[in-house]
Amino acid sequence: REALRMDPQQRILLELAWRCMENAAISPDCLSRLQTGVYVGVINHDYERLILFDREQISQYSALGRSTSIAANRISYCFNLHGPSLTIDTACSSSLTAVDSACRALRSGNVDAALAGGANAIVLPESYIEFTQASMLSKAGMCQAFDKNAHGFVRAEGGGLVMLKRLFDALVDGDRIYAPIVASSVNQDGRTIGLMAPNPEAQVRMMPNSLQQCGLHPSDIGYVEALGSGTQLGDP
Numbered sequence: 001r002e003a004l005r006m007d008p009q010q011r012i013l014l015e016l017a018w019r020c021m022e023n024a025a026i027s028p029d030c031l032s033r034l035q036t037g038v039y040v041g042v043i044n045h046d047y048e049r050l051i052l053f054d055r056e057q058i059s060q061y062s063a064l065g066r067s068t069s070i071a072a073n074r075i076s077y078c079f080n081l082h083g084p085s086l087t088i089d090t091a092c093s094s095s096l097t098a099v100d101s102a103c104r105a106l107r108s109g110n111v112d113a114a115l116a117g118g119a120n121a122i123v124l125p126e127s128y129i130e131f132t133q134a135s136m137l138s139k140a141g142m143c144q145a146f147d148k149n150a151h152g153f154v155r156a157e158g159g160g161l162v163m164l165k166r167l168f169d170a171l172v173d174g175d176r177i178y179a180p181i182v183a184s185s186v187n188q189d190g191r192t193i194g195l196m197a198p199n200p201e202a203q204v205r206m207m208p209n210s211l212q213q214c215g216l217h218p219s220d221i222g223y224v225e226a227l228g229s230g231t232q233l234g235d236p
């Protein structure tokens with residue numbers, strides 16, 4: 001009965017957490033003996049609106065099942081994890097902000113391991129209407145990022161989690177390592193011509209911070225995976 005009132009995003013994250021631990025070959029019992037943080041990005045409140053709209057669907061499980069703040073906490077609860085447990089909403093950067101938060105906690109020694117990522121499930125059409133009214137969605141159904149014909153982005157559903165540990169600890173424990181995260185930074189644009197308008201100068205100032213953290217030069221970077229909002233204002 002509780003699962004029936006659980007936001008699909010919570011359910012997705014629970015499955016991903018289990019798969020993430022399986023893939024890392026680290027058991028929940030092992031993580032429960034460590035200070036293990038959970039940092040997840042969730043921005044969609046469709047299921048909450050759906051539950052509250054139909055009062056017959058409201059039950060003793062609805063309050064926790066519809067709450068995005070519980071998304072991280074439910075993972076910590078189900079797998080008996082004792083570190084920080086945060087749900088983060090920074091719009092389309094939520095998952096990466098969650099990863100950055102996990103990295104900062106690892107660097108500071110606040111946690112020994114972390115699950116970080118996010119999930120998104122689109123349940124209702126209202127947000128589509130909002131984005132359409134704001135001319136943010138692609139009329140062609142494709143995102144033509146960095147193209148002169150770019151005219152909006154395309155929404156998607158899904159989720160992902162990664163297991164993070166300090167590199168030294170992972171090497172000592174013989175963990176499977178896919179890649180190291182050598183640096184991360186988060187910044188805000190401050191005041192611009194509009195709340196949704198980017199600030200290129202602020203974004204440029206952030207880059208040296210990440211490069212200084214890892215001792216790299218811009219010429220050392222061989223691949224960039226960008227957001228690419230697919231808009232004339234956002235892409236540059």
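Residues 1 to 236 (the UniProt record's numbering) make up the sequence shown, in order.
We put the beta carbon where it would ideally sit given N, CA and C, even for glycine.
Exercise. The alpha helix (DSSP H) spanning Ser32 covers which residue range?
Worked result: As a first step, residue 32 is located in the sequence shown; it is residue number 32 there, counting from the start. Per DSSP, the unbroken alpha helix (DSSP H) holding Ser32 starts and ends at 28-32.
For this session: Please go through the same chain and pick out, in chain order, the residues whose beta-carbon is closer than 8 angstroms to the beta-carbon of Ala24, but skip the five residues on each side of it.
Result: Here residue 24 refers to the residue found at position 24 of the sequence shown. Hits under 8 angstroms: Met163, Asp175, Arg176.
Problem set entry | Continuous alpha helix (DSSP H) assignments of at least 4 residues falling wholly in the segment 173-215 | Taking only runs of at least 4 residues, the alpha helix (DSSP H) segments lying wholly in the segment 173-215 are 200-214.
Exercise. To which residues of the same chain is Asn80 closer than 7 angstroms at the C-beta, ignoring the five residues directly before and after it?
Worked result: Within the sequence shown, numbered from 1, the residue matching residue 80 stands at position 80. Result list for Asn80: Pro28, Ser32, in chain order.
Exercise. For Ile88, is the classification buried or exposed, using 16 other Cβ atoms within 10 angstroms of its Cβ as the cut-off for buried?
Worked result: Counting from 1 along the sequence shown, the entry for residue 88 is found at position 88. In the assembly as shown, Ile88 is a buried residue. Its beta-carbon has 16 or more other beta-carbons within 10 Å.
Exercise. Between Asp100, Ala121, Ser93, which lies nearest to Leu115 when the distance is taken from Cα to Cα?
Worked result: Along the sequence shown, one-based indexing puts residue 115 at 115. Comparing Cα positions, the closest option is Asp100.
Exercise. Could you give the uninterrupted runs of the alpha helix (DSSP H) lying entirely in the segment 14-81, keeping only those of 4 residues or more?
Worked result: Within the segment 14-81, the complete alpha helix (DSSP H) runs of at least 4 residues are 28-32, 46-53, 62-65, 70-78.
Problem set entry | Alpha carbon of Ala150 to alpha carbon of Phe131, nearest angstrom | In the sequence shown, counting from the first residue as 1, residue 150 sits at position 150. In the sequence shown, counting from the first residue as 1, residue 131 sits at position 131. Straight-line Cα distance between these residues: approximately 16 angstroms.
Problem set entry | Where Cys143 sits in the DSSP three-state scheme | In the sequence shown, residue 143 corresponds to position 143, counting from 1. Residue state, collapsed to three classes: coil.
Problem set entry | Secondary structure of Ile129, DSSP reduced to three states | Residue mapping note: residue 129 aligns to position 129 of the sequence shown, counting from 1. When secondary structure is reduced to three states using DSSP, Ile129 falls in the helix class.
For this session: Could you check if Met6 is buried or exposed, using at least 16 other CB atoms within 10 Å of its CB as the buried criterion?
Result: The residue labelled residue 6 in the question sits at position 6 within the sequence shown. Buried, because 16 or more other Cβ atoms sit within 10 Å of the Cβ of Met6.
Exercise. What do you reckon, are the CB atoms on Ala179 and Asp189 nearer than 7 angstroms?
Worked result: Along the sequence shown, one-based indexing puts residue 179 at 179. Along the sequence shown, one-based indexing puts residue 189 at 189. Cβ atoms of Ala179 and Asp189: not closer than 7 angstroms.
For this session: Indicate whether the contact test is met: 3 or more Cβ pairs, each with one atom in the segment 191-200 and one in the segment 57-66, closer than 8 angstroms.
Result: They do not touch, by the three-pair rule.
Exercise. Under three-state DSSP, which class holds Ser219?
Worked result: On the sequence shown, residue 219 is found 219 positions in, with the first residue counted as 1. Helix.
For this session: Determine the DSSP secondary structure at Thr87, reduced to helix, strand or coil.
Result: Residue numbering aside, residue 87 sits at position 87 when the sequence shown is read from its first letter. In the structure shown, Thr87 sits in a strand (DSSP, three-state: E or B).
For this session: With distances taken Cα to Cα, identify the nearest neighbour of Gln212 among Ala183, Arg191, Gly222, Thr231.
Result: On the sequence shown, position 212 is the one that residue 212 refers to. Sorting Ala183, Arg191, Gly222, Thr231 by C-alpha distance to the C-alpha of Gln212 places Ala183 at the top.
Exercise. What residue from Glu48, Ala105, Gln35 has the CA that sits closest to Leu4's CA?
Worked result: Taking the sequence shown and counting its residues from 1, one reaches residue 4 at position 4. Scanning Glu48, Ala105, Gln35 for the CA closest to the CA of Leu4 turns up Glu48.
Problem set entry | Residue interval of the alpha helix (DSSP H) (run including Leu96) | Working through the sequence shown from its first residue, we reach residue 96 at position 96. Counting along the chain, Leu96 sits inside the alpha helix (DSSP H) bounded by residues 94-108.
For this session: Could you round the C-beta distance between Ala17 and Leu106 to whole angstroms and report it? I think they count as a contact, below 8 angstroms.
Result: Here residue 17 refers to the residue found at position 17 of the sequence shown. Here residue 106 refers to the residue found at position 106 of the sequence shown. That belief does not hold up - the Cβ atoms of Ala17 and Leu106 are roughly 18 angstroms apart, past 8 angstroms.
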